[in-house]
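**Student:** Please read through the structure below; I'll follow up with questions.
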Amino acid sequence: MDATLYLNKPLEIWADLAPHLVHRKILVEHFSNSVSTADFMSCQEKIAHASKVFESTALKHRGEERSPSMVILSHRKPEKLLSYPDFFESTDTPGIWVRKPLDLACIFLVSTTRLPEDERYDWLRMSTRVPERKQEFDRANALIERVNLDNLTKERVQEAMMDMTIDGRHPIEFKNEFKSLKRSYRALEQELEEYRRRAEEAKVQAESLLKKNEETVQQLVKEVGALRQELEKMKSQENL
Numbered sequence: 050m051d052a053t054l055y056l057n058k059p060l061e062i063w064a065d066l067a068p069h070l071v072h073r074k075i076l077v078e079h080f081s082n083s084v085s086t087a088d089f090m091s092c093q094e095k096i097a098h099a100s101k102v103f104e105s106t107a108l109k110h111r112g113e114e115r116s117p118s119m120v121i122l123s124h125r126k127p128e129k130l131l132s133y134p135d136f137f138e139s140t141d142t143p144g145i146w147v148r149k150p151l152d153l154a155c156i157f158l159v160s161t162t163r164l165p166e167d168e169r170y171d172w173l174r175m176s177t178r179v180p181e182r183k184q185e186f187d188r189a190n191a192l193i194e195r196v197n198l199d200n201l202t203k204e205r206v207q208e209a210m211m212d213m214t215i216d217g218r219h220p221i222e223f224k225n226e227f228k229s230l231k232r233s234y235r236a237l238e239q240e241l242e243e244y245r246r247r248a249e250e251a252k253v254q255a256e257s258l259l260k261k262n263e264e265t266v267q268q269l270v271k272e273v274g275a276l277r278q279e280l281e282k283m284k285s286q287e288n289l
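Quick note on our numbering: the sequence shown kicks off at 50 and runs consecutively.
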């Protein structure tokens, strides 16, 4: 599973899907090419498990939460999958299909290349593949620079982000974790640099000690040679 979200309020970046995703766990799957039948069966198993967990939760503990939903984002239109009867129904939006019932564990299938040429769908359109063509890069830049993203003011974007959770956690938690990991990484880099420095010093000391040992050994060899010569002389004198 690529991500699990929970929205307390509709978020306009989801375009026409927004009203159907509020107050429910959303399982999101991305496919940079297309969705095969095997892929879809795997998705069904995941939403079935999420639904089973939801149904096992006591009604009084659910609050406003509705049954889970899944959004499958596919770059290309999955022709084979859509050819099966009674699998998906078309919606009023080109490129979006739904597996009903909406009130239960519904599955939305989105072909990002078949969405309308409207800026409301830019986020969905770019969610399955990194921009490659100039037109796609221009659209990405426009989306990033847009002040009122999908008619949301900066304050409403922040509010919506605080109302959204990813795998049960707020995005700000991931930001704080990233900062903490970054600090830990820098500390580790400093430790490694100190280790390298000490290792280099130890190497220099070892090389110096080895050189001294070699000089000592050479000196001992010379002294032993001189002693042998003295012994030879003494033996020669005794023979006389």
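Yeah, the Cβ is synthetic: ideal placement off N, Cα and C, and Gly gets one too. In this text the structure is predicted, and so the values were computed from the model without any measurement.
To the nearest whole angstrom, what separates the beta carbons of residue 154 and residue 96, a pair I think is in contact under 8 Å?
**Tutor:** Indeed they touch by this definition, with Cβ atoms about 5 Å apart.
**Student:** Exposed or buried, what is residue 98 when buried is set at 16 or more other beta-carbons lying within 10 Å of its beta-carbon?
**Tutor:** The residue is exposed, with fewer than 16 neighbouring Cβ atoms inside 10 Å.
**Student:** Who are the near neighbours of residue 115 in its chain, counting only those whose CB is closer than 7 Å to its CB and skipping five residues on each side?
**Tutor:** Here the set comprises 72 and 73.
**Student:** State yes or no: is the C-beta of residue 124 within less than 7 Å of the C-beta of residue 85?
**Tutor:** Taking 7 Å as the Cβ cut-off, residue 124 and residue 85 do not qualify as a contacting pair.
**Student:** Based on the DSSP secondary-structure assignment, which residues constitute the bridge partners of residue 119?
**Tutor:** Per DSSP, 76 and 156.
**Student:** Of all the options 119, 102 and 94, which has the alpha carbon lying nearest to the alpha carbon of residue 53?
**Tutor:** Among 119, 102 and 94, the Cα nearest to that of residue 53 belongs to 119.
**Student:** With a Cβ-Cβ cutoff of 7 Å, do residue 142 and residue 88 count as a contact?
**Tutor:** No, Cβ-Cβ distance for residue 142 and residue 88 is not below 7 Å.
**Student:** Excluding sequence positions up to five away, which residues of its chain have a Cβ less than 8 Å from the Cβ of residue 174?
**Tutor:** Counting only Cβ-Cβ distances below 8 Å, and skipping sequence neighbours, we find 161, 162, 164 and 188.
**Student:** What is the residue span of the beta strand (DSSP E) that residue 53 lies within?
**Tutor:** 52–56 is the span of the beta strand (DSSP E), which, as asked, contains residue 53.
**Student:** What is the residue span of the beta strand (DSSP E) that residue 147 lies within?
**Tutor:** Start and end: 145–148.
**Student:** Would you kindly work out how many angstroms separate the C-alpha atoms of residue 157 and residue 91, rounded to a whole number?
**Tutor:** Taking the straight line joining both Cα atoms gives about 15 Å.
**Student:** Would a C-beta distance cut-off of 7 Å place residue 69 and residue 122 closer than the cut-off?
**Tutor:** In this structure, residue 122 does not lie closer than 7 Å to residue 69 by Cβ.
**Student:** Across which residues does DSSP place residue 139 in a beta bridge pair?
**Tutor:** Its beta-bridge partners are 146.
**Student:** My output table needs one value for residue 71: the three-state DSSP class, helix, strand or coil.
**Tutor:** Reduced to three states, the DSSP call for residue 71 is strand.
**Student:** Tell me the rounded alpha-carbon separation between residue 236 and residue 254.
**Tutor:** So the two alpha carbons sit approximately 27 Å from each other.
**Student:** By the three-class DSSP mapping on this structure, what secondary structure does residue 273 have?
**Tutor:** Residue 273 falls in the helix class under three-state DSSP.
**Student:** For residue 144, which of 243, 127 and 134 has the nearest alpha-carbon?
**Tutor:** Of the candidates 243, 127 and 134, the one whose C-alpha sits nearest the C-alpha of residue 144 is 127.
**Student:** When DSSP labels each residue in this structure, what does residue 124 get in the three-state scheme?
**Tutor:** Of the three classes helix, strand and coil, the one that applies to residue 124 here is coil, per DSSP.
**Student:** With a CB to CB cut of under 6 Å and the five nearest residues on each side skipped, what residues in its chain are close to residue 177?
**Tutor:** Excluding residues within five positions, the ones whose Cβ falls inside 6 Å are 79, 81, 122, 124 and 161.
**Student:** Along the chain, where does the alpha helix (DSSP H) that runs through residue 85 open and close?
**Tutor:** From DSSP, residue 85 is part of no alpha helix (DSSP H); its letter is neither H nor E.
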